[in-house]
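Asks: If you're matching positions, the sequence shown starts at 127 in the working numbering and goes up one per residue. We treat Cβ as the ideally placed atom computed from N, Cα and C, and that holds for glycine. Dropping a structure here in structure tokens format, bear with me for questions.
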Amino acid sequence: MVTLSLDSTALVGPTALALARLPAADPQDSYTAAHSRRVRRFALAIGGELGLAPGELGPLGHAALFHDIGKLAVPAEILLKPARLDAGEWALMRRHSVDGAELAGSLGLCGRAVPAIRHHHERYDGEGYPDGLAGEAIPLAARIIHVADALDSMLTTRPYRAGRPARATLTELRRGAGTQFCPRCVAALERLVGGGSLVDLGLPPASLIAPVP
Ligand SMILES: [Fe+2]
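Written out as structure tokens, the structure is:
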């Protein structure tokens with residue numbers, strides 16, 4: 127079984143141990159568990175670059191690790207479907223941010239992490255979900271996780287599509303800065319890559335060089 131691991135300070139209340147042992151989603155869904163761990167690392171790096179205080183980085187890391195916990199409620203045949211989702215399946219999948227926030231709150235995840243989970247699919251231009259928040263109205267932790275989530279998703283090969291090269295991924299994030307993504311978060315990511323801070327995550331400084339069209 128694939129489980130997420132985290133330090134005990136992530137949680138409050140007697141459910142901490144149980145939640146720490148909770149599978150990322152379906153036990154067979156090793157992608158979600160590994161993806162969540164990478165998103166946490168990217169998010170903490172971006173948060174640190176943006177100057178978040180230790181008291182803010184903690185909830186950010188916890189929210190990043192559990193950002194997709196709501197997928198526990200998504201049927202496995204949809205979650206693991208080796209093809210693009212149809213409209214009905216996509217509607218079910220989209221529920222995961224709200225369900226995840228409710229679940230994290232009820233299980234005792236640090237309170238400041240809960241809105242970051244709820245809003246991790248909001249877009250900077252207000253076209254995201256579940257609430258259509260825009261710009262700085264979106265919690266900063268949620269904006270950071272949105273960038274980290276998209277970054278890792280694009281880099282990673284899935285059953286229905288190949289992972290994209292690092293250069294193309296960063297170009298895509300830059301293109302979406304101000305529309306899908308928070309510009310400050312994308313700029314922070316680019317500074318990290320340029321400084322060589324994310325080499326171990328597959329993003330050497332050369333990744334910033336735009337691909338030849
Ligand atoms: Fe998500």
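Between I172 and I270, what straight-line distance do the alpha-carbon atoms span, to the nearest angstrom?
Replies: Mapped onto the sequence shown, residue 172 falls at position 46. Mapped onto the sequence shown, residue 270 falls at position 144. Cα to Cα, I172 sits roughly 7 Å from I270.
Asks: Using a threshold of 6 Å, is the CB atom of D194 nearer than that to any non-hydrogen atom of ligand 1?
Replies: Counting from 1 along the sequence shown, the entry for residue 194 is found at position 68. Result yes, Cβ under 6 Å from ligand 1.
Asks: Can you tell me whether I335 is buried or exposed, with buried defined as 16 or more other CB within 10 angstroms of its CB?
Replies: Counted from its first residue, the sequence shown places residue 335 at position 209. Result: exposed.
Asks: Quick one: is A274 buried, meaning 16 or more other Cβ sit within 10 Å of its Cβ, or exposed?
Replies: Along the sequence shown, one-based indexing puts residue 274 at 148. The residue is buried, with at least 16 neighbouring Cβ atoms inside 10 Å.
Asks: Alpha carbon to alpha carbon, how far is H161 from R284? Give it in angstroms, no decimals.
Replies: Working through the sequence shown from its first residue, we reach residue 284 at position 158. Working through the sequence shown from its first residue, we reach residue 161 at position 35. Looking at the two C-alpha atoms, the distance is approximately 11 Å.
Asks: Who are the Cβ neighbours of R290 in its own chain at under 8 Å, not counting the five residues just before and after it?
Replies: Here residue 290 refers to the residue found at position 164 when the sequence shown is read from its first residue. So the list reads M280, L281 and E298, once near-sequence residues are dropped.
Asks: Can you give me the C-alpha to C-alpha distance between T158 and Y250, rounded to a whole angstrom?
Replies: Sequence index remark: in the sequence shown, residue 158 carries index 32 (1-based). Sequence index remark: in the sequence shown, residue 250 carries index 124 (1-based). Near 24 Å, if we compare the C-alpha coordinates of Y250 and T158.
Asks: What number of angstroms, rounded off, separates the C-alpha of G184 from the C-alpha of A267?
Replies: Residue mapping note: residue 184 aligns to position 58 of the sequence shown, counting from 1. Residue mapping note: residue 267 aligns to position 141 of the sequence shown, counting from 1. If I take the Cα positions, the gap works out to 10 Å.
Asks: A159 by DSSP, collapsed to three states: which one?
Replies: The sequence position of residue 159 within the sequence shown is 33, counting from 1. DSSP, reduced to helix, strand and coil, places A159 within a helical segment of the structure shown.
Asks: Restricting to Cα atoms, I'd like to know which of G226, D194 and V312 is closest to R164.
Replies: Mapped onto the sequence shown, residue 164 falls at position 38. The residue with the shortest Cα to Cα distance from R164 is D194.
Asks: Opposite F307 in the DSSP bridges: which residues?
Replies: Indexing the sequence shown from 1 puts residue 307 at position 181. According to DSSP, which records beta bridges pairwise, F307 is partnered with A303.
Asks: Measure the CB-CB distance between P256 and S232 and report whether it falls below 7 Å.
Replies: Here residue 256 refers to the residue found at position 130 of the sequence shown. Here residue 232 refers to the residue found at position 106 of the sequence shown. No, these two residues do not count as a Cβ contact at 7 Å.
Asks: How far does the alpha helix (DSSP H) with R269 in it reach, from first residue to last?
Replies: What you label residue 269 is simply residue 143 of the sequence shown in a count that begins at 1. Counting along the chain, the alpha helix (DSSP H) containing R269 begins and ends at L266 to L281.
Asks: Should H272 be flagged as near chain C, meaning a C-beta pair shorter than 7 Å?
Replies: As a matter of chain content, chain C is missing from the structure shown, which is built from one protein chain.
Asks: Exposed or buried, what is E248 when buried is set at 16 or more other beta-carbons lying within 10 Å of its beta-carbon?
Replies: Along the sequence shown, read from residue 1 onward, the residue named residue 248 stands at position 122. E248 comes out buried.
Asks: With D225 as the anchor, note down where its alpha helix (DSSP H) starts and where it stops.
Replies: The residue you call residue 225 lines up with position 99 of the sequence shown. Counting along the chain, the alpha helix (DSSP H) containing D225 begins and ends at H222 to L233.
Asks: Nearest-angstrom Cα distance between R166 and E253?
Replies: Numbered from its first residue, the sequence shown carries residue 166 at position 40. Numbered from its first residue, the sequence shown carries residue 253 at position 127. Their backbone Cα atoms lie some 24 Å apart in a straight line.
Asks: Taking A190 as the reference, give the member of H245, I204 and G177 with the closest Cα.
Replies: As a working mapping, residue 190 is identified with position 64 in the sequence shown. Among H245, I204 and G177, the Cα nearest to that of A190 belongs to H245.
Asks: Using only the alpha-carbon positions, how far apart do A314 and G226 sit?
Replies: One-based indexing of the sequence shown puts residue 314 at position 188. One-based indexing of the sequence shown puts residue 226 at position 100. Rounded to whole angstroms, A314 to G226 spans 27 Å at the Cα level.
Asks: Which residue marks the beginning of the alpha helix (DSSP H) containing A179, and which one marks its end?
Replies: Within the sequence shown, the letter at position 53 stands for residue 179. Looking at the DSSP string, A179 is not in any alpha helix (DSSP H), and its letter there is neither H nor E.
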